[in-house]
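*Asks:* Pasting a structure below so you can have a look.
Residue numbers (the UniProt record's numbering): 1 to 246.
This is the structure:
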């Protein structure tokens, strides 16, 4: 069976068979067989092709990746683990967003600690001005999900109040081109903070405030799927959320 994904990837990137063959140092006929006969290259060649085309190896050859390879690559996506959100160095949040050149994403109920940092809010606006897409998802303060989270943390209506406060704190960037804020009604199992292919994922623990829960620092690695799993989750919540009027 022909590998149509590889064929399409070459067309999309404007790379010819001979150019790819030269780049990864194989015979052009070998590349042709990968496409027309669907043969899977050796691991080192799969990685070289994926890196040259800037695509996931698992997308180009999904059947070639063993469970062990996926698990190994995914483990490599873990940069570090913090036992609590308060243990994350303050400048780590700034570095995450400052490094973004395409996408910044925030998925939280309130994320008050972030919105209360005037420097971070200013940076989000500056990033949007350079063409970075900034998307912020906050919990709907009138939703039963937010009410339940407040009850679980023992602050009851305090959770909704924090979200309303955050909406005020984000006023300086609301309405800016490139900045989008939406309200969601989702039961969150974690909060997600994204800067391109890096994430800080704050897990949610029943009865424990988010600031006391662990945080995973993840960076996308070819062949891994942890970052992709969280990014897909963000997109699903985004699609169902309601835009906040400027």
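For every residue, glycine included, the Cβ atom is placed at its ideal position computed from N, Cα and C.
A quick note: this is a predicted structure, and the numbers were derived from the prediction, not measured.
Starting from residue 148, trace the alpha helix (DSSP H) in both directions and tell me its first and last residue.
*Replies:* 144 to 153
*Asks:* Would you mind listing the beta strand (DSSP E) stretches within the stretch 37 to 119 that are 3+ residues and don't spill past its ends, in chain order?
*Replies:* 78 to 82, 103 to 107
*Asks:* So, do the stretch 35 to 50 and the stretch 214 to 221 have three or more beta carbon pairs nearer to each other than 8 Å?
*Replies:* no
*Asks:* Beta carbon of residue 106, beta carbon of residue 112: below 8 Å?
*Replies:* No, Cβ-Cβ distance for residue 106 and residue 112 is not below 8 Å.
*Asks:* Per DSSP, what kind of secondary structure is residue 243 in: helix, strand or coil?
*Replies:* strand
*Asks:* Taking only heavy atoms of the ligand SAH into account, decide whether any of them is closer than 7 Å to the Cβ of residue 53.
*Replies:* You won't find the ligand SAH in this model; it holds no ligand whatsoever.
*Asks:* Given residue 5, which residues of its chain have a CB within under 6 Å of its CB, disregarding the five upstream and five downstream residues?
*Replies:* If we look at residue 5 and ignore the five residues flanking it on each side, its Cβ neighbours are 60.
*Asks:* What's the call for residue 232, buried or exposed, on a 16-neighbour Cβ count within 10 Å?
*Replies:* exposed
*Asks:* Suppose the cutoff is 6 Å on Cβ atoms and the five residues either side in sequence are ignored; what does the same chain contact list for residue 197 look like?
*Replies:* 220
*Asks:* Is the stretch 182 to 201 in contact with the stretch 98 to 105, if contact means three or more CB pairs nearer than 8 Å?
*Replies:* yes
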